[in-house]
Amino acid sequence: MKKELQERSSKKKLEHVALIMDGNGRWAESLGKGRTYGHKMGAERIGDVVKTAIENDIKAITLYAFSTENWKRPETEVTYIMNLIKSYFKRQRKKMMERKIRFNYIGDIDDPKVDPSIRKMFKETKEETKDNDKLTLTIAFNYGAREEIVRAVKKISSQVVNEEKDIDDINYQDIKNNLYTYDLPDIDLVIRTSGEVRLSNYLLLQLAYSELYFTKTYWPAFDKVEFEKAIENYYRRDRRFGGL
Ligand code: IPE
Ligand code: IPE
Ligand code: MG
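What the sequence shown shows, in the numbering used here, is residues 19 to 262, in sequence order.
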């Protein structure tokens, strides 16, 4: 779709979209149901989003599934989300191979709070799908930009302490190389559903020049039509990166 729009400028080809999947709880409550129903139906949207991304020539999508702050929620909700991730993944693993999707994750997966079976499954699936090239699907799980930046600073500091790096030679590329996203293309567009207009500790450095798109639609209602509205909106924008 939108071929004429896509062709208008090669400078802004939409390669990588980051999504903040928000509003599951409110969507369910608006239907008189419990929040967990929203998480369940929210997970069901992912397949369509992947399909629409591929149809629109997008090479990477990064989904915010669980933040470093989401542990603050009631234990019952956290447990529900963890079990949902496990069962969803068990079902999707084979499909990712069939659809040539490269699976990736960002976030502190080695945190002891993370369920060992999720850690194992994420690591194995990443390895198993590493040569797939249709689309890179990254899940941000136990992800927080502040934690990511602290982690990068520690890594670079240890290189300085070990005299592998001179302090005066540190540049943005070094920081970039030590972020979870080091091997992903720049993020062109970030979409947040649910009407909240904030980033909630998502990819703070990576979004420096990304286009931001906010929609009131709750995540479980974010369908192909909604996604393509955002894509079309992106292609109408003028990205200047500080130039003219
Ligand atoms: C997003 O939906 C899913 C996660 C954060 C895990 P929410 O659970 O935040 O739903 P709302 O924003 O409370 O409606
Ligand atoms: C952001 O949503 C995190 C995810 C979508 C996983 P939240 O619902 O946690 O963010 P806040 O609390 O509204 O900022
Ligand atoms: Mg929310």
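Built from N, CA and C at the ideal position, the CB exists for glycine as well.
Give me the Cα-Cα distance between residue i and residue j, rounded to the nearest whole angstrom.
i    : j    : result
T54  : V178 : 47 Å
G52  : Y236 : 15 Å
S135 : K104 : 8 Å
Q110 : N180 : 43 Å
At a cut-off of 7 Å, would you count residue i as near ligand 3, judging by its Cβ distance to the nearest heavy atom?
i   : result
S85 : no
G41 : yes
Does the beta-carbon of residue i, which I'm using as the reference point, lie nearer than 7 Å to any heavy atom of ligand 1?
i    : result
S212 : yes
V162 : Just to set this straight, residue 162 is Gly in the shown sequence, not Val. Flag unset: Cβ of G162 not near ligand 1.
R44  : yes
For residue i, which of the options has the nearest alpha-carbon?
i    : options                   : result
Y124 : Q224, R109 and A46        : Sequence check: residue 124 is Ile here, not Tyr. Ranking Q224, R109 and A46 by Cα distance to I124 puts Q224 first.
I185 : Q191, I174, T143 and N195 : I174
N74  : Q191, K90, E33 and H57    : E33
N150 : K113, M139 and I38        : K113
N219 : T86, L153 and V168        : T86
R254 : L230, K234 and G261       : L230
Y106 : T94, V67 and A61          : A61
Y98  : D133, Q110, A78 and E116  : D133
P203 : H57, Y190 and I76         : I76
S8   : N88, T233, P238 and D192  : Beyond the ends of the chain as shown, which are 19 and 262, falls residue 8; an answer cannot be given.
Is residue i near ligand 2, in the sense that its beta carbon is under 7 Å from a heavy atom of that ligand?
i    : result
S48  : no
Y190 : no
Open item on the list: Could you tell me which whole beta strand (DSSP E) segments of length 3 or greater appear in the region 86–113?
Closed with: Taken in chain order, the complete beta strand (DSSP E) segments of 3 or more residues contained in the region 86–113 number zero; there are none.
Open item on the list: Can you confirm whether the region 238–252 touches the region 191–198 when touching is taken to mean that 3 or more C-beta pairs between the two stretches lie within less than 8 Å?
Closed with: No, they do not touch.
TODO: Run through the region 138–196 for me and flag every whole alpha helix (DSSP H) of 4 or more residues, listed as ranges in chain order.
DONE: List check, alpha helix (DSSP H) in window: 163–179 and 190–195.
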